[in-house]
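Note that this note's numbering numbers the sequence shown so that position 34 is 34, with each residue one more than the last.
Just so you know, even glycine gets a beta-carbon here, dropped at the ideal spot from N, CA and C.
Note that the structure is a prediction, hence the values are computed from the model and not measured.
Notes follow once the structure below has been shown.
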Amino acid sequence: MFRQQHRDSAECPRCPDIKNNVHVFICTRQGTSYAFNVGMELVDEHLLDFQPEMAIAIQDSILAFREQQEPDFDLGTDDDIHHAMVQQWEVGGEKLTWGVLHTAWQPTMAQYLKSTR
Ligand SMILES: [Zn+2]
């Protein structure tokens with residue numbers, strides 16, 4: 001019986017020699033910007049449910065990770081957001097690209113949810 005092969009490896013479709021799931025995010029070979037932007041649209045949609053400043057901080061951190069630069073931590077004018085942004089970056093920018101949020105975001109998110117009810 002023929003079984004369809006799925007691409008579930010962490011292999012970069014553009015760079016056949018590279019098998020690491022961080023590289024997939026930061027690869028800038030042709031076509032990767034489009035793939036990244038499509039992914040970011042889904043992230044942006046998801047972030048509509050977040051506290052707005054927190055959403056901007058997360059978006060900036062993901063974009064910075066792709067560029068392999070530090071995010072603009074001063075975006076977090078709110079102390080809690082600034083703190084969470086730094087904590088998130090310190091555990092590794094790739095965690096954000098996997099949807100893993102640092103617990104330092106909790107106070108901001110909890111307060112926001114309370115205010116929207
Ligand atoms: Zn690549």
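* Asked: Using DSSP with H/G/I as helix, E/B as strand and the rest coil, what is Glu70?
  -> coil
* Asked: How is the alpha helix (DSSP H) around Val86 delimited, first residue to last?
  -> Asp79 to Glu90
* To do: With distances taken Cα to Cα, identify the nearest neighbour of Ala110 among Gln30, Met54 and Glu11.
  => Met54
* Cβ neighbours of Asp72 in the same chain (closer than 7 Å, five flanking residues each side left out) -> Asp60
* Asked: Based on Cα-Cα distance, which residue from Pro16, Phe65, Asp74 and Asp49 lies nearest to Thr91?
  -> Note that residue 91 is Val in the sequence shown, not Thr. The shortest C-alpha separation from Val91 is found at Phe65.
* Asked: How would you call Glu48, buried or exposed, if buried means at least 16 neighbouring beta carbons within 10 angstroms?
  -> This sequence places Leu at residue 48; Glu is not what is there. Under this definition Leu48 is an exposed residue.
* **8 Å Cβ cutoff met for Gly76 and Ala57** => yes
* What is the chain-ordered set of residues for which the beta carbon lies under 6 Å from any non-hydrogen atom of ligand 1? -> Cys12, Arg14, Cys15, Ile18, His23, Cys27 and Arg29
* Using the rule of at least 16 other Cβ atoms within 10 Å of the residue's Cβ for burial, across every protein chain shown, is Trp98 buried or exposed? -> exposed
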